[in-house]
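> Numbered by full-length UniProt numbering, the letters in the sequence shown go through residues 1 to 116 in order.
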Amino acid sequence: MGQDDSSEQNHLKSRISNLQDENLRLKRTLSEMSEDFERKQSEESAGTPMQESTAEPVEAEPVTADITLDPKYLELMKELTHYKTSFSEKQKALEETTAKLEEATRLVDMYKADID
(Lines of atoms letter the chains of each structure in order from A and count residues from 1; the text may use other names and numbers.)
(Lines give C-alpha, C1' and ligand atoms only; values in the text may rest on other atoms or scores of the structure.)
Protein backbone atom coordinates (compact mmCIF):
# COMPACT_ATOMS: atom_id res chain seq x y z
CA MET A 1 0.00 0.00 0.00
CA GLY A 2 2.92 2.34 0.69
CA GLN A 3 4.08 1.99 -2.90
CA ASP A 4 0.58 2.88 -4.16
CA ASP A 5 0.69 6.02 -2.02
CA SER A 6 4.10 6.94 -3.39
CA SER A 7 2.92 6.32 -6.93
CA GLU A 8 -0.17 8.45 -6.38
CA GLN A 9 1.92 11.19 -4.77
CA ASN A 10 4.33 11.16 -7.73
CA HIS A 11 1.38 11.31 -10.11
CA LEU A 12 -0.05 14.31 -8.23
CA LYS A 13 3.33 16.05 -8.22
CA SER A 14 3.65 15.46 -11.94
CA ARG A 15 0.13 16.75 -12.53
CA ILE A 16 0.83 19.88 -10.45
CA SER A 17 4.04 20.49 -12.37
CA ASN A 18 2.19 20.12 -15.68
CA LEU A 19 -0.53 22.50 -14.51
CA GLN A 20 2.07 25.03 -13.37
CA ASP A 21 3.80 24.80 -16.76
CA GLU A 22 0.48 25.26 -18.55
CA ASN A 23 -0.35 28.18 -16.26
CA LEU A 24 2.96 29.89 -17.08
CA ARG A 25 2.48 29.24 -20.80
CA LEU A 26 -1.00 30.75 -20.70
CA LYS A 27 0.23 33.76 -18.72
CA ARG A 28 2.98 34.36 -21.31
CA THR A 29 0.51 34.01 -24.17
CA LEU A 30 -1.92 36.35 -22.45
CA SER A 31 0.83 38.88 -21.79
CA GLU A 32 2.00 38.73 -25.43
CA MET A 33 -1.55 39.15 -26.70
CA SER A 34 -2.16 42.03 -24.32
CA GLU A 35 1.03 43.79 -25.44
CA ASP A 36 0.14 43.21 -29.10
CA PHE A 37 -3.37 44.52 -28.51
CA GLU A 38 -2.10 47.63 -26.70
CA ARG A 39 0.47 48.26 -29.44
CA LYS A 40 -2.18 48.01 -32.15
CA GLN A 41 -4.49 50.31 -30.19
CA SER A 42 -1.77 52.93 -29.74
CA GLU A 43 -0.85 52.70 -33.44
CA GLU A 44 -4.50 53.10 -34.38
CA SER A 45 -5.07 56.03 -32.04
CA ALA A 46 -1.83 57.72 -33.14
CA GLY A 47 -2.98 57.78 -36.77
CA THR A 48 -1.94 60.86 -38.69
CA PRO A 49 -1.69 64.20 -36.91
CA MET A 50 -4.35 66.76 -37.65
CA GLN A 51 -3.14 69.69 -39.73
CA GLU A 52 -4.28 73.19 -39.03
CA SER A 53 -6.46 74.54 -41.77
CA THR A 54 -5.95 78.04 -43.12
CA ALA A 55 -9.12 77.96 -45.21
CA GLU A 56 -12.21 79.95 -44.31
CA PRO A 57 -14.96 77.95 -42.59
CA VAL A 58 -17.58 76.66 -45.00
CA GLU A 59 -21.11 75.84 -44.03
CA ALA A 60 -21.58 72.12 -44.39
CA GLU A 61 -24.35 70.68 -46.48
CA PRO A 62 -26.36 67.83 -45.05
CA VAL A 63 -25.10 64.42 -46.15
CA THR A 64 -27.72 62.51 -48.07
CA ALA A 65 -25.56 59.77 -49.62
CA ASP A 66 -24.93 56.40 -48.06
CA ILE A 67 -21.84 56.44 -45.90
CA THR A 68 -19.46 53.56 -46.45
CA LEU A 69 -16.75 52.70 -43.99
CA ASP A 70 -13.16 52.48 -45.08
CA PRO A 71 -12.28 48.80 -45.73
CA LYS A 72 -9.08 49.23 -43.70
CA TYR A 73 -11.18 50.40 -40.73
CA LEU A 74 -13.48 47.39 -41.11
CA GLU A 75 -10.48 45.07 -41.27
CA LEU A 76 -9.01 46.64 -38.14
CA MET A 77 -12.34 46.25 -36.34
CA LYS A 78 -12.49 42.56 -37.32
CA GLU A 79 -8.94 42.09 -36.07
CA LEU A 80 -9.73 43.92 -32.83
CA THR A 81 -12.79 41.73 -32.30
CA HIS A 82 -10.67 38.64 -32.96
CA TYR A 83 -8.06 39.76 -30.41
CA LYS A 84 -10.72 40.56 -27.81
CA THR A 85 -12.33 37.15 -28.31
CA SER A 86 -8.99 35.36 -28.24
CA PHE A 87 -7.94 37.34 -25.17
CA SER A 88 -11.17 36.39 -23.38
CA GLU A 89 -10.72 32.73 -24.27
CA LYS A 90 -7.12 32.72 -23.04
CA GLN A 91 -8.13 34.53 -19.86
CA LYS A 92 -10.87 31.96 -19.22
CA ALA A 93 -8.43 29.09 -19.86
CA LEU A 94 -5.93 30.70 -17.49
CA GLU A 95 -8.59 31.02 -14.78
CA GLU A 96 -9.61 27.37 -15.28
CA THR A 97 -6.00 26.20 -15.13
CA THR A 98 -5.38 28.27 -12.02
CA ALA A 99 -8.45 26.74 -10.37
CA LYS A 100 -7.21 23.23 -11.28
CA LEU A 101 -3.77 24.06 -9.92
CA GLU A 102 -5.25 25.34 -6.66
CA GLU A 103 -7.39 22.20 -6.36
CA ALA A 104 -4.41 19.93 -7.04
CA THR A 105 -2.34 21.85 -4.47
CA ARG A 106 -5.16 21.49 -1.95
CA LEU A 107 -5.33 17.73 -2.60
CA VAL A 108 -1.56 17.34 -2.20
CA ASP A 109 -1.67 19.29 1.06
CA MET A 110 -4.49 17.06 2.32
CA TYR A 111 -2.56 13.98 1.22
CA LYS A 112 0.59 15.22 2.99
CA ALA A 113 -1.44 15.87 6.15
CA ASP A 114 -2.79 12.30 6.00
CA ILE A 115 0.74 10.90 5.63
CA ASP A 116 2.10 12.90 8.56
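For glycine and all other residues, C-beta sits at the position ideal for the given N, C-alpha and C.
Figure out for me which residue from Asp109, Asp114 and Lys90 has the closest Cα to the Cα of Leu26.
Lys90
> Once you ignore the five residues that flank Leu19 on each side, which residues in its own chain have a CB closer than 8 Å to its CB?
Thr97, Lys100, Leu101 and Ala104
> From what residue to what residue does the alpha helix (DSSP H) around Leu80 run?
Pro71 to Ile115
> Which term fits Ile115, buried or exposed, when burial requires 16 or more other beta carbons within 10 angstroms of its beta carbon?
So Ile115 counts as exposed.
> If you draw a straight line from the C-alpha of Glu75 to the C-alpha of Ser88, how long is it?
Distance between the alpha carbons of Glu75 and Ser88: 20 Å.
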